[in-house]
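Engineer: Residue numbers for the sequence shown, in my numbering: 227 to 406. In this text, a Cβ means the ideal position worked out from N, Cα and C, and glycines have one as well.
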Amino acid sequence: AIAHPGDGRIAVEPNIARPMVSSAKIALAYLQKHADALGLDADKLRESNFLLGVGNASLEKNGPSAGITFATGIASLVSGKPVPPNVAMTGELELNGRVSSVSGLRDKLLAAFQDGIDKVIVPAANRAEIEKLPAELRDVLDIVYVETLSDVLDAAFVPVDARSGPKEISNHAYDVIAEL
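(1) Please report the straight-line C-alpha distance between A351 and A292, rounded to a whole angstrom.
(2) Here's the rule I'm using: 16 or more other beta-carbon atoms within 10 Å means buried, otherwise exposed. How should G306 be labelled?
(3) Could you tell me whether any Cβ in chain D is nearer than 9 angstroms to the Cβ of V384?
(4) Per DSSP, what kind of secondary structure is D269 in: helix, strand or coil?
(5) Which partner residues does E320 have in the DSSP bridge list?
(6) Identify the residues that DSSP records as bridge partners of A237: which are they?
(7) Quick one: measure Cβ to Cβ for L336 and L264, integer angstroms, because I've assumed they're closer than 8 angstroms.
(8) Locate the alpha helix (DSSP H) running through I300, then write down its first and last residues.
(9) Quick test of your reading: V313 and L278, contact by CB under 8 angstroms. State the CB separation rounded to the nearest angstrom.
(10) Taking contact to mean at least 3 C-beta pairs separated by less than 8 angstroms, is the segment 355–373 in contact with the segment 295–302?
(11) Which runs of the beta strand (DSSP E) spanning at least 3 residues fall entirely within the segment 315–387, listed in chain order?
(12) Of the residues A255, L266, S248 and L271, which one's Cα is nearest the Cα of G232?
(13) On the premise that A301 lies in contact with L254, defined as a C-beta separation below 8 angstroms, what is that separation, rounded to the nearest angstrom?
(14) So, at 8 angstroms on beta carbons, what are the nonlocal neighbours of G234 in its own chain, with the 5 sequence-adjacent residues on each side left out?
(15) Which residue comes first and which comes last in the beta strand (DSSP E) that contains A229?
(16) I'd like to know whether the C-beta atoms of L321 and L359 end up nearer to each other than 9 angstroms.
(17) How would you label P349, buried or exposed, when you count the other beta carbons within 10 angstroms and need 16 or more for buried?
(18) DSSP beta-bridge partners for V313?
(19) Within 10 angstroms of its Cβ, does A361 collect 16 or more other Cβ (buried), or is it exposed?
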């Protein structure tokens, strides 16, 4: 995300499909309305325009599962608090600040593991789906279940615990994950 002086609007890269554009607008609107409660500078949110990107411009992104990611990116930019690079998240933000469930968590968690991610923030509503995955995958990731955007920001801006790098993984666990 980048910001420049403006009037509190949001723009997204052209490769982002309509559902994700809605997610981005909801993210900014929620942050603007609840800035004080979230510890954010309300003036910065109202007096800046934001441009959101999602990486690899050659791939169309069609969500919706990036609402909390968009909101966290904007909150990080406004607050100056970075999200550690070993943290990933997925979840859709509702107008009331709740985080709703998403699909495809198995593949998202596998991708996180393969990319060396230590901490994954996911909707609490997806807990049952995640608990069906092999323990070998769940045990190598710090999976944080969230219900609200406030929960997301609390989890995203706190450094991953003192360990350096990913958890150690046994050959057996690696074999099980590789079979997924």
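Structural biologist: Short version:
(1) By one-based count along the sequence shown, residue 351 stands at place 125. By one-based count along the sequence shown, residue 292 stands at place 66. Straight-line Cα distance between these residues: approximately 15 angstroms.
(2) Reading the sequence shown from its first residue, position 80 is the one you call residue 306. Counting of Cβ neighbours within 10 angstroms places G306 among the exposed residues, the total staying below 16.
(3) Within the model displayed, chain D is absent; a lone protein chain is all it includes.
(4) Within the sequence shown, residue 269 is the residue found at index 43, counting from 1. Helix, per DSSP.
(5) Sequence index remark: in the sequence shown, residue 320 carries index 94 (1-based). In the DSSP assignment, E320 forms no beta bridge with any residue.
(6) As a working note, residue 237 is residue 11 in the sequence shown. Per DSSP, L277.
(7) For the purposes of this step, residue 336 is taken as the residue at position 110 of the sequence shown. For the purposes of this step, residue 264 is taken as the residue at position 38 of the sequence shown. Contact doesn't hold; Cβ gap of about 31 angstroms is too wide.
(8) Against the sequence shown, residue 300 aligns to sequence position 74. Where I300 is concerned, the enclosing alpha helix (DSSP H) starts and stops at G293 to S305.
(9) Taking the sequence shown and counting its residues from 1, the one referred to as residue 313 is at position 87. Taking the sequence shown and counting its residues from 1, the one referred to as residue 278 is at position 52. A Cβ-Cβ separation of about 18 angstroms leaves V313 out of contact with L278 under the 8 angstroms criterion.
(10) Verdict: no, contact absent.
(11) Correct list: 345–349 and 368–372.
(12) Taking the first residue of the sequence shown as position 1, residue 232 is located at position 6. Closest by alpha carbon: L271.
(13) Within the sequence shown, the letter at position 28 stands for residue 254. Within the sequence shown, the letter at position 75 stands for residue 301. In this structure L254 is not in contact with A301, their Cβ atoms being roughly 10 angstroms apart against a cut-off of 8 angstroms.
(14) Translated into positions along the sequence shown, residue 234 becomes position 8. L254, Q258, L271, R272, E273, S274 and N275.
(15) Locating residue 229 in the sequence shown gives position 3, where the first residue counts as 1. Counting along the chain, the beta strand (DSSP E) containing A229 begins and ends at I228 to P231.
(16) Here residue 321 corresponds to residue number 95 of the sequence shown, with the count starting at 1. Here residue 359 corresponds to residue number 133 of the sequence shown, with the count starting at 1. No, the pair does not count as a contact, with Cβ atoms beyond the cut-off.
(17) For the purposes of this step, residue 349 is taken as the residue at position 123 of the sequence shown. By the neighbour-count criterion, in which a residue is buried when 16 or more other Cβ atoms sit within 10 angstroms of its Cβ, P349 is buried.
(18) Counting from 1 along the sequence shown, the entry for residue 313 is found at position 87. The secondary-structure analysis by DSSP pairs V313 across a beta bridge with K345.
(19) On the sequence shown, residue 361 is found 135 positions in, with the first residue counted as 1. Answer is exposed; the Cβ neighbour count stays below 16.
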